[in-house]
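Here the structure comes first, spelled out in structure tokens, and everything after it is commentary.
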Amino acid sequence: MPLLGALQGKSRMSYLHVTIKTKSSDGWLCIFKDLSVSDLKQKFVKPYRLGKPIYYDGNIFPPNEITQIKINETEKTHEDELKIVQDESYKEVQEFNRTSSSVVLISAGHGYSDYEINECGKDVTNSYISTGPGVGTAFTVAAEFIKHPWVVRVVGGLVFLAVAAYLGFR
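Basically our numbering = 1-based index in the sequence shown + 1.
Quick look at the structure:
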């Protein structure tokens, strides 16, 4: 039975949500919600690393406008997580009103804006993003290194010497 429990624990679905801050706004903006790891990499991480525009909800966003990123992982969907935040916030307001004798707080509470998902779950940003936009993937960095003029000259010179040595010794 412990093996079955361990296997069931691994099959648990997690959801990834991306919130950002931009140069033109101080507030958070939720651009992706309820993504799988592969969707996150395809829709956000890869374009961000390559410095390409990010497409979300009919909008195109240049990655160099992003000033802050937060990727959160939750066990429940965006909607379910925010519902929990709303319920907890409502309970806090009710408790405040019960315990306060002179002040009454009238508030809907928190959890009604998409960006508030960045307070839920676990912050996993560093697992996916560790550099600025446009730095590239490991493959693109290697390709850029290989295309560098000095690398081409040195490798070309070594190949020339190898061919000359081979032909010169015959």
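Glycine included, every Cβ here is placed at the ideal spot set by N, Cα and C.
In the three-state scheme derived from DSSP, where H, G and I count as helix and E and B as strand, D58 is classed as coil.
One Cα belongs to D115, the other to T23, and the distance between them is close to 16 Å.
Look at the stretch 117 to 166 and you find these whole runs of alpha helix (DSSP H), each 4 residues long or longer: 126 to 129, 139 to 148. From the listed residues G133, T68, E76, the smallest Cα separation to L30 is found for T68. Going by beta carbons, G112 and K77 fall outside the 9 Å limit. T126 sits close to I72, with the two beta carbons spaced by under 9 Å.
Less than 9 Å divides the Cβ of I118 from the Cβ of H18. In the DSSP annotation of this structure, the continuous segment of the beta strand (DSSP E) that includes T20 starts and ends at 16 to 23. Assignment of G52 by DSSP, reduced to helix, strand and coil, places it in the coil class. T78 carries a coil assignment under DSSP once its states are collapsed to helix, strand and coil.
Burial is judged here by how many other beta carbons sit within 10 angstroms of a residue's own beta carbon; R99 has fewer than 16 and is exposed. When DSSP states are grouped into helix, strand and coil, G169 belongs to the helix group.
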